[in-house]
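For reference, the structure discussed in these notes is given below.
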Amino acid sequence: MNRVVVLGVSLKFEGRDIISVKDFSRKEIDYILKISQAMEPLATKGSDMLKGKILATLFYEPSTRTRLSFEAAMHKLGGSAIGFAEAEIASVKKGENLADTIRVVENYADVIALRHPLEGAARLAAEFSKVPIMNGGSGAGEHPTQALLDLYTIMKEKGKISGLKIALAGDLRYGRTVHSLAYALSLYNIELYLVSPELLRMRREVLETIREKIPVTTRTSLEKVVSQVDVLYVTRIQKERFPDPAEYAKIKGSCKITLETLNRAKEDLIILHPLPRVDEISAEVDGTSYARYFQQVWNGIVVRMTLLALILGAIK
Amino acid sequence: MNRVVVLGVSLKFEGRDIISVKDFSRKEIDYILKISQAMEPLATKGSDMLKGKILATLFYEPSTRTRLSFEAAMHKLGGSAIGFAEAEIASVKKGENLADTIRVVENYADVIALRHPLEGAARLAAEFSKVPIMNGGSGAGEHPTQALLDLYTIMKEKGKISGLKIALAGDLRYGRTVHSLAYALSLYNIELYLVSPELLRMRREVLETIREKIPVTTRTSLEKVVSQVDVLYVTRIQKERFPDPAEYAKIKGSCKITLETLNRAKEDLIILHPLPRVDEISAEVDGTSYARYFQQVWNGIVVRMTLLALILGAIK
Amino acid sequence: MNRVVVLGVSLKFEGRDIISVKDFSRKEIDYILKISQAMEPLATKGSDMLKGKILATLFYEPSTRTRLSFEAAMHKLGGSAIGFAEAEIASVKKGENLADTIRVVENYADVIALRHPLEGAARLAAEFSKVPIMNGGSGAGEHPTQALLDLYTIMKEKGKISGLKIALAGDLRYGRTVHSLAYALSLYNIELYLVSPELLRMRREVLETIREKIPVTTRTSLEKVVSQVDVLYVTRIQKERFPDPAEYAKIKGSCKITLETLNRAKEDLIILHPLPRVDEISAEVDGTSYARYFQQVWNGIVVRMTLLALILGAIK
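Residue numbers (my numbering), protein chains in the order written: chain A, 15 to 330; chain B, 15 to 330; chain C, 15 to 330.
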């Protein structure tokens with residue numbers, strides 16, 4: 015029962031699951047961002063805050079990036095990590111259901127990071143688990159730690175979130191990170207631009223929810239948007255989503271960020287991307303002052319350290 | 015040369031391999047169970063007992079559960095773990111034999127946990143290894159750490175082993191855990207019931223050995239057994255074992271533990287299962303006072319911590 | 015900026031990549047060998063020298079042996095390890111290029127050990143990485159940590175390198191370890207014998223480089239060489255290299271080291287092999303005083319500990 019007081023409210027994180035950004039209030043998110051700032055030096059020099067604690071990474075679909083980020087965060091806090099990186103090598107092969115796997119692994123670990131192809135898997139796991147579940151991405155639905163690190167990156171780079179004009183571009187339909195992020199951004203006073211091909215436009219239920227809170231403009235091309243925004247968040251468009259390869263080729267070109275695209279960008283525009291990228295951002299952009307997508311990766315470590323420390327009760 | 019004295023006998027564990035329960039005397043097993051009791055608080059709060067020591071988990075067939083249990087046990091004692099989880103990613107691909115692999119890995123690690131599809135693999139490994147080998151399951155033959163954690167669970171739940179009536183049910187032919195367990199149980203004054211379809215009855219060599227020591231009753235149905243026993247140990251029946259799917263379907267149903275099956279069970283019956291289960295125990299049983307199969311998982315950590323600490327000489 | 019002074023010269027290792035033995039001067043290699051000697055007791059009893067540091071092992075092709083050696087070295091210095099063991103489970107599946115992967119992983123780890131099927135991959139990675147890259151084998155080209163452990167083994171066993179007659183036998187064309195080793199040996203005053211079937215003879219560019227520095231004799235049979243040399247370094251001949259299976263069978267037999275082959279060997283000959291071996295060295299040789307290939311594995315841990323400690327600035 016560890017409670018922290020920020021801005022006059024009492025917050026409780028110990029023992030909590032991290033399933034969806036929707037489970038967190040604006041005040042709680044602000045607190046996570048504030049603690050993350052304080053966590054930065056520990057991310058550099060290490061800590062013994064979680065010595066003796068074990069993280070289990072149960073990754074039912076491959077995501078080297080997210081898995082290694084969770085494990086590095088745990089190691090930097092002095093803890094250790096166990097887990098598996100593919101469903102094929104898991105008990106799953108023998109037909110075990112997720113609930114049983116969770117009730118087994120909760121005996122091995124103090125916290126479980128779960129990645130699963132099905133929406134709702136993390137929520138189900140949390141219902142059965144005695145130890146906190148961290149959703150490392152489930153289905154096309156949610157990726158809350160990614161959304162929190164995205165917010166942290168914006169806050170760190172811009173000094174604020176409210177007041178900004180932010181564009182989400184690319185696959186807004188299947189990309190799980192943009193769903194979590196759009197919801198989280200709607201807690202702040204921002205103007206949101208959603209840029210995607212028709213086929214990949216933002217899911218209606220997400221759109222309806224955020225439209226009640228903030229002004230949202232939808233576009234099918236970046237052209238007019240890029241000069242207006244402070245933050246451009248780009249996501250990968252997957253070839254498999256298109257029935258017709260010709261259509262994919264056409265759209266791919268129109269969504270690509272190049273130096274030319276950025277001609278009329280604000281001087282202090284920042285470009286984010288959850289990575290991996292394929293062709294969405296030209297390599298020539300990497301060296302510009304706009305590019306922040308690799309710094310995002312570092313921020314992911316910091317935010318995951320914060321979340322681990324909070325839910326395991328190491329920060330009171 | 016660390017010797018411990020229990021009940022007036024001198025016991026030596028440091029440097030020993032854990033290949034088969036048959037290598038352990040009743041006194042040695044009792045000692046392991048007693049140390050495990052003392053190990054419980056360390057399993058909760060962690061320890062530095064094996065700081066600087068390395069466990070190698072060489073798993074030539076997938077067993078997430080057993081591998082993670084060994085690794086968690088090592089981490090909880092302050093040690094670290096390296097290894098592989100599939101033969102495919104091992105040197106095996108290049109044609110290396112097991113003896114060479116062991117003579118390589120013994121240079122990396124202080125103890126090796128080996129899982130292998132062939133019976134006798136762990137014994138062979140122990141002959142070549144300078145460091146202790148722990149058998150994490152080899153072929154259909156032996157799974158000694160599972161048998162020891164099963165015994166520990168019975169002892170912890172019942173306060174004793176001798177004097178109990180214990181049923182082993184399911185696949186007694188191919189299930190490696192029941193072979194090790196049946197042998198270990200025969201060292202105690204128990205009454206054993208073996209319940210399985212004809213096709214999957216206990217192997218003759220195991221049956222003959224244990225019949226010399228304890229009373230054994232064989233049955234093809236749980237019906238009359240369930241009301242008589244104190245402990246019901248259930249194992250998974252694999253579809254692949256049956257040439258005729260119809261026969262499998264019939265047998266599967268007849269072996270399943272449901273609330274109805276347990277109607278006439280003793281009030282203090284406990285049900286164990288090495289997991290993963292598929293259909294053998296209905297989910298409705300999980301919430302009853304009989305179910306102990308998830309607690310078994312925790313006990314596995316405790317017993318493996320005990321064995322690691324003993325054979326690495328950390329307990330004297 | 016840590017500099018060490020050996021033999022009157024100033025050496026700098028902190029922050030350096032380990033890509034090719036060609037990047038190291040004779041003085042630097044001598045220094046690595048000397049520090050390795052001092053590292054031996056820490057390899058046995060462990061150390062906290064790299065506590066809080068993280069090694070990432072990015073293995074795009076399987077090499078259990080090398081990966082576990084790097085990880086064990088890191089653990090023995092008190093650090094931790096994260097990584098992947100197969101390209102398939104990496105972001106690669108999603109089409110990410112190596113440069114991006116490196117710019118992500120450098121945020122997770124203090125040092126990266128990379129194994130990659132393409133020559134030049136490690137060099138490319140080093141160009142993009144902010145943290146040191148250790149080449150764990152790239153293409154058929156280089157395997158510098160293997161070459162350094164080979165040198166260390168010779169020094170440890172013979173007390174010197176210069177003055178020795180050394181034969182490299184087997185696949186000298188595709189075996190990456192022999193390319194790195196031949197180059198490193200050419201920095202010492204040795205006589206080199208290259209023994210291989212015509213099809214697998216040493217690459218011309220390597221041969222030309224080392225011939226400028228040391229006397230080199232090429233042979234297609236071990237017969238006359240074995241009685242003359244102090245060190246016999248054997249490598250695996252892979253069946254896949256031969257278009258005609260019959261030719262492979264013939265050659266395989268002619269290259270095999272048996273007790274008979276060793277009849278006229280010097281009494282203090284030592285036999286090395288980077289392992290895994292398949293048929294090149296008969297098992298009957300393992301028990302002789304010549305065999306040093308399993309000790310080589312231990313030396314690999316020691317040398318990799320040395321390199322990690324040096325490039326991470328723990329040894330000044």
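Ideal Cβ placement from N, Cα and C applies to all residues, glycine included.
CA-to-CA distance, residue j to residue i, given in whole angstroms
i	j	result
E14 (chain C)	I96 (chain B)	Because chain C here runs from 15 to 330, residue 14 (chain C) falls outside it and cannot be looked at.
G155 (chain C)	I285 (chain C)	23 Å
R79 (chain A)	V118 (chain C)	8 Å
V145 (chain B)	D124 (chain B)	6 Å
R137 (chain C)	T115 (chain C)	14 Å
D164 (chain C)	L182 (chain C)	12 Å
L177 (chain B)	A323 (chain B)	The sequence given here has Gly at residue 177 (chain B), not Leu. Spanning the two alpha carbons is a distance of roughly 30 Å.
M216 (chain B)	V192 (chain B)	9 Å
E120 (chain A)	A263 (chain B)	32 Å
H287 (chain C)	V245 (chain B)	54 Å
I329 (chain B)	N313 (chain B)	19 Å
F27 (chain B)	L56 (chain B)	20 Å
L289 (chain A)	Y122 (chain C)	15 Å
K280 (chain C)	G301 (chain C)	17 Å
S50 (chain B)	E261 (chain C)	59 Å
T275 (chain C)	L132 (chain B)	34 Å
DSSP state of residue i mapped onto helix, strand, coil
i	result
G267 (chain A)	helix
K172 (chain A)	helix
Y247 (chain B)	strand
N203 (chain C)	coil
F256 (chain B)	coil
A57 (chain A)	helix
I49 (chain A)	helix
K179 (chain A)	strand
R30 (chain A)	coil
A279 (chain C)	coil
A127 (chain A)	strand
R233 (chain C)	strand
A95 (chain A)	strand
I284 (chain A)	strand
Other residues of its chain near residue i: CB distance less than 6 Å, five sequence neighbours each side excluded
i	result
A104 (chain C)	Caution is warranted here: a pLDDT of 48 is assigned to A104 (chain C), below 50, making its placement in the model unreliable, and the coordinate value is therefore given only provisionally. Taken in chain order, the residues that qualify are F98.
E205 (chain C)	K179, P229
S34 (chain B)	E156, P158
CB of residue i within 7 Å of CB of residue j, strictly
i	j	result
S94 (chain B)	I126 (chain B)	no
V316 (chain B)	M53 (chain B)	yes
L283 (chain C)	Y304 (chain C)	yes
G60 (chain C)	G60 (chain B)	no
A140 (chain B)	L195 (chain B)	no
Y202 (chain B)	I224 (chain B)	no
I265 (chain A)	G184 (chain A)	no
R91 (chain B)	L47 (chain B)	According to the sequence provided, residue 91 (chain B) is Leu. The question's Arg does not apply to it. No; because the gap between Cβ atoms is not below 7 Å, this pair is not in contact.
Within chain A, the residues that residue i reaches when beta carbons sit closer than 9 Å
i	result
G66 (chain C)	K59, G60, S61, D62, H89, K90, G92
V311 (chain B)	R117, V118, V119, E120, N121, Y122
Cutoff 8 Å; reference residue i; Cβ partners in own chain excluding five residues on either side
i	result
R278 (chain C)	V240, S241
G29 (chain A)	P146, I325, G327
I32 (chain B)	P146, I147, M148, N149, P158, T159, L321, I325
R81 (chain A)	T71, F73, G97, A99, A127, R129, G150
A135 (chain B)	Y74, L112, L128, S152, G153
E298 (chain B)	T272, L273
Contact list for residue i against chain A, beta-carbon separation under 7 Å
i	result
R117 (chain C)	F308
V299 (chain B)	Here the premise fails: no neighbours, minimum Cβ distance about 12 Å.
Within chain B, the residues that residue i reaches when beta carbons sit closer than 9 Å
i	result
A123 (chain A)	L82, A86
Partners in chain C for residue i, counting only beta-carbon separations shorter than 7 Å
i	result
E110 (chain B)	P290
Interface residues of chain C facing residue i [CB-CB closer than 8 Å]
i	result
A127 (chain B)	Neighbours of A127 (chain B) on chain C: none; closest Cβ ~14 Å, over 8 Å.
Beta-carbon neighbours of residue i, restricted to chain C and to distances below 9 Å
i	result
I315 (chain A)	N121, Y122
A70 (chain B)	L82, A86
Residues near residue i in its chain [Cβ-Cβ closer than 7 Å; skip 5 each side]
i	result
F142 (chain A)	A113, I116, R117
R171 (chain B)	Note that residue 171 (chain B) corresponds to Glu in the displayed sequence, not to Arg. Cβ within range, chain order: I284, R306.
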